[in-house]
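Notes for the one structure printed next.
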Amino acid sequence: MKQLYHIAFSIAVSAVLLLFYACSHKRDLKQTKSGEIERKIDSLLSIMTLEEKIGQMTLFTSDFNVTGPTIRENYKADIKAGKVGAVFNAFGAAYTRELQKMAVENTRLGIPLLLGYDVIHGFRTIFPIPLGEAASWDLASIENSARIAAVEATADGLHWTFAPMVDIARDPRWGRIAEGAGEDTYLGSVIAKAKVKGFQNGDLYKTNTLVACAKHFVAYGAALAGRDYNIVDMSERTLREIYLPPFKAAVEEGVGTIMTSFNEINGVPATGNRMILTDILKIEWGFDGFVVTDYTSINEMVPHGVVMDEKEAGKLAVNAGVDMDMQGAVFYNYLAESVEQGGDGTMSRIDDAVRRILRIKYLLGLFEDAYRYCDEQKEKELVLLHPDHIAFARVMARRSIVLLKNKGDLLPLDQNITTLAVVGPLADNKKEMIGPWSAAGDYTRCVSLLEGIKKQAHPNTRILFAKGCNIDDTHTYLIREAVAVARKADVVILAVGEAAWMSGEAASRSMIGLPGVQQELVKRIYETGKPVIVVLMNGRPLAIPWIAEHIPAILETWFLGTTGGDAISDVIFGKYNPSGKLPVTFPRNEGQIPIFYNAKNTGRPISDNKYTSKYLDVPNTPLYPFGYGLSYTTFEYSNIILNKNEISYKDTLKAMVEVTNTGPEKGEEVVQMYIRDLAGSVTRPLKELKGFQKIKLEPGVTTRVTFTITSGDLKYYDINMEYKVEPGDFVLFIGTNSIETREAYFTLIE
Ligand code: NOJ
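Start counting at 1 in the sequence shown, then tack on 180, and there's your number in our numbering.
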């Protein structure tokens with residue numbers, strides 16, 4: 181017995197030791213800074229020349245694909261000369277090995293390269309655009325899609341992704357709204373964490389994890405008039421309450437890098453903004469990773485007009501807190517000169533920047549083995565559309581679809597329809613379905629909507645197709661054929677929307693309706709009198725009031741990626757009951773922009789009185805509100821029950837609601853909880869999302885959903901810009917979207 185006990189004890193001890201060993205070997209910024217790594221950096225720094233240090237701070241693009249002017253073509257010679265420490269837009273196990281070899285074998289210190297790429301929504305297997313994924317409100321799936329992207333990208337030699345984009349975007353004219361999680365700070369923050377977790381997986385040392393980069397720091401999404409790269413002028417309160425938190429969440433999750441934004445903030449370009457990069461990010465938040473600029477954004481401080489030349493720009497950037505220069509070659513060309521001419525503290529700033537960059541390289545294990553990510557065998561196994569990845573892409577894609585309208589339960593369709601017309605410029609299209617920023621994705625591998633429908637419709641169903649028009653046609657010649665096809669069908673599926681290039685970078689639109697003559701196409705198909713299902717594909721909210729009023733069934737499908745056509749067909753034929761909710765408000769027209777749910781009341785909230793805050797020609801309400809989305813079943817909410825009506829700072833409040841599936845199908849619902857602070861030392865939004873739960877219910881079943889609220893959830897920046905909680909009265913809302921909610925009241929006492 182004693183012996184048995186002894187054996188069990190030693191097994192337990194070894195298990196604990198093993199666990200300790202495993203944990204202590206996890207490498208990421210969330211762990212305490214490793215003394216061993218810092219010592220290694222110290223000794224390396226002590227033997228590095230100024231040129232070698234500046235080399236580490238330099239990032240150049242390769243010749244694969246570029247997103248701006250390529251002003252450095254000699255990057256290979258630069259690698260061999262130790263003048264570049266990181267390269268982007270190069271991948272493939274063999275090619276990255278070749279580049280790595282140049283750095284390791286030719287340079288004096290053999291410091292390995294860091295290899296980055298824009299892996300935004302998948303690498304080879306392409307997932308929905310980030311705005312689409314956000315519509316799933318499914319954090320575990322979002323994390324998993326980032327995980328798969330990391331597995332594929334690292335198998336192709338990459339270490340670093342320029343994602344997630346965590347810019348809050350309240351203006352759908354801005355094309356980059358497609359790349360983020362939409363308009364809400366809370367949703368944006370939890371998604372930021374999920375993505376960092378997915379990419380980095382808490383351990384940068386593993387060869388299947390990517391260093392993440394939260395971008396663009398900061399307020400890039402607030403570009404004036406929704407015009408990309410435009411200026412930003414905003415209060416510190418809005419900056420801190422709305423735009424900064426998703427970055428802070430990413431830092432808390434251990435994000436390895438942060439990218440500066442192109443825009444100025446209150447007169448100071450982000451790339452030369454010490455308050456943002458050093459005071460807030462590095463000092464206040466304790467960020468230990470490194471700051472990379474966006475593409476040539478140091479150089480752009482000259483046209484911004486805060487410096488006369490690039491040399492001055494470089495000095496401003498490094499002293500503001502920039503650690504690595506993307507593509508601008510400003511550090512490369514001028515930083516040594518600036519130091520020689522006596523840079524006030526510039527040298528110590530350079531040492532700090534290099535330390536941060538080397539820290540990431542150590543965490544990745546590149547100093548132990550520079551080629552650990554260049555594994556041709558693994559590349560073969562993993563990068564070519566692995567069946568498990570494709571299967572999950574379909575799961576992610578269908579969870580991202582939002583059912584906007586379903587009059588008369590037109591959807592789901594009966595599989596045995598005699599004749600089905602699939603019409604529209606996006607109906608038989610793969611190229612657009614992959615969306616903007618499609619990394620190494622091959623659009624020819626996408627499943628088009630027409631292909632998806634053909635696979636799932638009954639073999640006896642006749643499927644007719646007509647394009648009707650191209651996405652941005654200005655003529656209507658093709659419409660007649662589409663109308664003829666629609667007339668022959670029992671039901672028409674009409675796929676309309678944007679081209680992939682119409683969202684993403686440098687893709688602002690002043691009018692956000694359907695491009696070209698597509699609106700005309702929709703009208704003419706509607707006039708046939710056939711039941712019409714509109715399938716929207718787009719990278720931003722669209723202003724489509726006519727469609728919303730007339731067309732009986734509407735599906736918002738964003739750009740769903742590789743498996744798009746299968747996922748949409750799953751929803752159309754009822755294999756999957758849609759559960760997505762809008763992460764962003766859909767306006768009725770462009771004049772309402774910016775329109776977002778967490779607006780303030782004003783002193784004259786809208787009423788029948790003329791002299792209140794409203795338009796003469798359009799209601800204040802959106803076309804579709806934030807958080808909105810239907811299902812093939814229906815959900816009913818009970819009244820909210822609070823465990824207390826008065827709480828102190830130390831108490832927790834529990835809010836409970838019962839949700840019943842009152843419809844015919846099993847389905848999922850995103851139960852949303854919002855709070856309003858009725859009176860503060862400064863005005864507060866009408867509603868702020870503070871929590872949500874995605875639940876699954878069988879028909880006829882009721883479940884109780886409970887939210888826990890602490891006084892920490894009620895904090896904000898008060899009149900003195902102190903982040904704290906104020907006593908007073910609050911309204912708590914729970915509901916199916918940001919407008920249809922039930923409410924309860926509570927008081928916070930000191
Ligand atoms: C410019 C974009 O703004 C940024 O998001 C991207 O990561 C870089 N180009 C690199 O491609």
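Every residue gets a Cβ at the ideal spot worked out from N, C-alpha and C, and that includes glycine.
Beta-bridge annotation (DSSP): P567 is not paired with any residue. DSSP places R884 inside the beta strand (DSSP E), whose first and last residues are T882 to T890. Taking a cut-off of 8 Å on C-beta distances, the segment 691-704 does not touch the segment 534-549, as fewer than three cross pairs fall below it. By alpha-carbon distance to Y808, the top candidate from L928, A314, T882 and I422 is A314. Per DSSP, reduced to three states, the secondary structure at E848 is strand. The C-beta distance from S369 to P425 rounds to 5 Å, short enough to meet the 8 Å contact threshold. DSSP places Y366 in the uninterrupted alpha helix (DSSP H) bounded by T365 to Q380. By the neighbour-count criterion, in which 16 or more other beta carbons inside 10 Å mark a residue as buried, P844 falls on the exposed side. At least one heavy atom of the ligand NOJ sits closer than 8 Å to the Cβ of D298. Proximity of the beta carbon of Y475 to the ligand NOJ is indicated: a heavy atom of the ligand is located closer than 8 Å.
The continuous beta strand (DSSP E) containing Q873 extends over residues E868 to L877.
By the C-beta density criterion, G337 is buried, having at least 16 other C-beta atoms within 10 angstroms. CA-CA distance, G696 to M682, rounds to 12 Å. When rounded, the separation of the alpha-carbon atoms in A403 and H396 is 12 Å.
Assigned with DSSP and collapsed to three states, I221 falls in helix. For E826, no alpha helix (DSSP H) run applies; the uninterrupted beta strand (DSSP E) run containing it begins and ends at E826 to S828, by DSSP.
Across the structure, G312 and G741 are spaced so that their CA atoms are roughly 10 Å apart. Straight through space, the alpha carbons of R552 and E561 are spaced by roughly 16 Å. Within the model, the alpha-carbon separation for E631 versus D893 is close to 47 Å. In terms of CA proximity to M455, V502 leads the group V502, E421 and L591. H339 has its CB no nearer than 8 Å to any heavy atom of the ligand NOJ. Measuring C-alpha to C-alpha distances from N269 to each of D243, I734 and N479 identifies D243 as the nearest. Annotation: M481 to E363 spans about 28 Å, alpha carbon to alpha carbon. Looking at the DSSP output, C393 bridges to T437. Your pair S811 and S749 does not check out as a contact, with CB atoms roughly 18 Å apart and the cut at 8 Å.
For R327, the enclosing alpha helix (DSSP H) stretches over residues L319 to A335. Three or more Cβ pairs closer than 8 Å define a contact, and the segment 781-797 falls short of that threshold against the segment 892-907. Comparing alpha-carbon positions, the option among H730, I786, G447 and T341 lying closest to G302 turns out to be T341.
Assignment of beta-bridge partners to I348 by DSSP yields no partner. Rounded to the nearest whole angstrom, the C-alpha separation of T641 and K610 is 23 Å. Counting only unbroken stretches of 3 or more residues, the beta strand (DSSP E) elements lying wholly within the segment 269-308 are 294-297, in sequence order. Here Y512 really is in contact with T238; their C-beta atoms are around 5 Å apart, less than 8 Å. Of the candidates M527, E433, D653 and E678, M527 places its Cα closest to the Cα of N499. A direct Cα-to-Cα measurement between R207 and A333 gives close to 19 Å. Beta-bridge partners of N841 (DSSP): F815. By the criterion of a C-beta distance shorter than 8 Å, L279 is surrounded in its chain by S242, K256, I259, V267, A270, L293 and L295, once the five residues flanking it on both sides are discounted.
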